[in-house]
Amino acid sequence: MPRFELLEVTKLRAHQAGGRPRPVLLDITVTIPDGSAFAVTGPSGSGKTTLLRLLNRLDDPSSGSIGMDGHSLATLSPQTLRRRVGMVFQVPFLFPGTVRGNLALARGLGADADGAGAALPEAAWGDLLADVGLDASFLDRATDRLSLGEMQRVSVARALACGPEALLLDEPTSALDTASASRLLETLSFLHRSRGLTLVLVTHDLGEARAIATHALRLDAGRVAASGSAPETLPCP
Amino acid sequence: MSAPGVTTVPVVGLLLCGLLVLATIVLSRRGRLGLERELVIGALRTLIQLLLVGYVLGAIFRLDRALVVLGVLAVMLAVAARTASRRVPSSLAGIFPITLLALTGSSIAVLFFVTELVLSVPRWYEPRVVIPLAGMIIGNAMNGAALAAERLASEARARRAEIEALLALGATSSRASRSAVRASLRAALIPTVNGLMTVGIVHLPGVMTGQILGGASPLVAVRLQVVIMYMLTATVAFASLGTVLLARRRLFTPAHQLRESP
Chain R
0 MPRFELLEVT KLRAHQAGGR PRPVLLDITV TIPDGSAFAV TGPSGSGKTT LLRLLNRLDD
60 PSSGSIGMDG HSLATLSPQT LRRRVGMVFQ VPFLFPGTVR GNLALARGLG ADADGAGAAL
120 PEAAWGDLLA DVGLDASFLD RATDRLSLGE MQRVSVARAL ACGPEALLLD EPTSALDTAS
180 ASRLLETLSF LHRSRGLTLV LVTHDLGEAR AIATHALRLD AGRVAASGSA PETLPCP
Chain P
0 MSAPGVTTVP VVGLLLCGLL VLATIVLSRR GRLGLERELV IGALRTLIQL LLVGYVLGAI
60 FRLDRALVVL GVLAVMLAVA ARTASRRVPS SLAGIFPITL LALTGSSIAV LFFVTELVLS
120 VPRWYEPRVV IPLAGMIIGN AMNGAALAAE RLASEARARR AEIEALLALG ATSSRASRSA
180 VRASLRAALI PTVNGLMTVG IVHLPGVMTG QILGGASPLV AVRLQVVIMY MLTATVAFAS
240 LGTVLLARRR LFTPAHQLRE SP
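Residue numbers (numbering that gives the first Met the number 0), protein chains in the order written: chain R, 0 to 236; chain P, 0 to 261.
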């Protein structure tokens with residue numbers, strides 16, 4: 000069944016925990032189409048990361064709603080939602096041990112969620128690593144011996160091991176050097192095209208957004224400055 | 000009136016002992032340690048507080064009523080729970096009900112296990128046994144709970160990236176905080192485990208010393224000390240486990256979100 004929107008954000012408002020009165024996000028209404036590569040851009044402090052964290056309920060909004068496939072996020076169990084909408088953080092965090100151990104942990108955590116069925120079998124992990132640009136020998140590498148770029152690739156693979164429909168990425172290249180950053184971007188673009196994976200990419204780098212995005216949202220001081228297809232939304236230099 | 004064999008301190012001896020503090024005060028003055036005032040106040044407080052406790056315990060023992068013993072236990076538990084809940088970081092502010100519940104559950108269970116099954120005291124509220132044991136148990140439970148709670152809050156802060164990475168992979172909040180809980184329990188138990196390892200070699204515990212000074216044979220004193228060491232080990236474990244498991248829920252929202260630490 001074809002879907003047109005995956006995530007539907009309506010009149011979203013969010014405040015910083017700790018109770019500063021000024022909202023971080025103000026009346027955000029936006030649609031993230033299924034299968035899109037959706038860039039969220041804007042200057043720092045404009046609420047990009049806050050919005051991203053609301054999409055898999057690592058935080059909750061103060062008002063407004065987010066729907067996924069027509070269901071409010073609040074009606075899904077947080078565990079199921081987070082396995083359907085994976086997340087890659089700005090600074091990769093890998094668990095001590097091997098890459099294989101990290102993928103096994105991601106698969107094992109499916110037992111806590113009803114959405115466990117989508118998790119990739121171990122036999123598919125080699126292909127999974129190939130998709131993120133690492134060869135199968137990485138499976139048995141110790142995570143503390145990886146470069147930052149490799150760690151970020153493993154954290155993408157680990158999120159994919161849960162079998163998500165969408166991947167949220169919070170400035171995934173900002174901790175990397177230029178070469179690793181552009182290679183990671185190519186990987187993400189490949190995953191989007193080959194797997195039809197919906198990407199939501201937070202970035203302050205307009206060039207990066209233009210390189211990969213089909214759709215985009217520009218935030219300014221917590222409000223929507225522009226949204227829609229990437230060419231309309233992201234001004235050319 | 001004193002039991003045969005009990006070492007008593009005559010009043011003259013008590014006064015003479017004050018000379019030891021005086022010597023320390025002179026030392027502080029000569030060495031410009033600036034501790035004279037604190038030493039005088041501390042020495043006086045020791046005298047007054049212990050005299051008061053002596054009178055109060057005497058009165059409680061003479062009253063010999065179950066209700067009075069229960070009242071004393073309640074006061075001890077309330078003060079200990081308040082103390083343990085006050086020194087925690089702000090992310091766990093207001094955990095008094097938690098420490099009260101954890102201290103009460105662990106202390107009462109261990110106390111009556113020891114008095115009823117191990118020592119088989121004829122009356123369950125026997126004040127001469129119950130009150131000193133309860134003092135030790137509740138004091139240790141308090142320290143264990145405070146250490147565990149403090150450590151839990153700091154682990155949750157330090158392990159934020161790890162916890163959120165786990166949550167984002169679909170872990171429940173209890174799964175995501177497992178290693179923080181483990182570290183907190185270890186931190187709470189380490190002083191007790193160290194005590195188990197070194198007791199008798201590095202220090203002679205107070206109860207044993209007291210019994211020997213009181214005329215008991217060392218082997219009799221040792222038996223009671225073993226009971227006390229084991230009893231305190233379980234107390235610390237139960238009190239810190241209870242505190243950590245209940246306090247952990249304060250760190251997360253019902254939707255398995257790690258709260259922002261202020």
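Even glycine gets a Cβ: it sits at the ideal position worked out from N, Cα and C.
Check	Outcome
Identified DSSP bridge partners for R/G66	R/E7 and R/S71
Where R/P32 falls: helix, strand or coil (DSSP)	strand
The stretch 86-101 of chain P / the stretch 38-46 of chain P touching (three or more Cβ pairs under 8 Å)	no
Straight-line gap, R/T49 to P/V67 (C-alpha atoms, nearest Å)	57 Å
8 Å Cβ cut-off: residues of chain P touching R/V90	A160
Contact set for R/V90: own chain, Cβ-Cβ below 6 Å, skip 5 residues either direction	A174
Within-7 Å CB hit, P/L250 to chain R	no
Anticipated Cβ contact below 8 Å, P/N139 with P/T234, distance rounded	5 Å
Exposure label - P/L14; buried when at least 16 CB within 10 Å	exposed
Assigned exposure category for P/V78 - 16 Cβ within 10 Å defines buried	exposed
Burial state of R/M86 (16 or more Cβ within 10 Å)	buried
Residue-chain proximity (P/L91, chain R), Cβ-Cβ < 7 Å	no
Residues near P/S90 by beta carbon distance below 6 Å, same chain, minus five either side	A152 and S260
Sufficient close CB pairs (3 or more, under 8 Å) joining the stretch 191-200 of chain P to the stretch 222-239 of chain P	yes
is_contact[P/A167, chain R] using C-beta, thresh 7 Å	yes
Alpha helix (DSSP H) segment containing R/R217, residue limits	That residue, R/R217, is in no alpha helix (DSSP H); its beta strand (DSSP E) goes H214 to D219.
Strand pairing of R/I27, partner residues [DSSP]	R/L11
The stretch 237-244 of chain P / the stretch 133-150 of chain P touching (three or more Cβ pairs under 8 Å)	yes
Exposed unless 16 or more other CB atoms sit within 10 angstroms - verdict on P/A160	exposed
Cβ-based burial, R/G148 [other Cβ within 10 Å; buried from 16]	buried
Beta-carbon spacing of R/L93, R/T142 below 7 Å	yes
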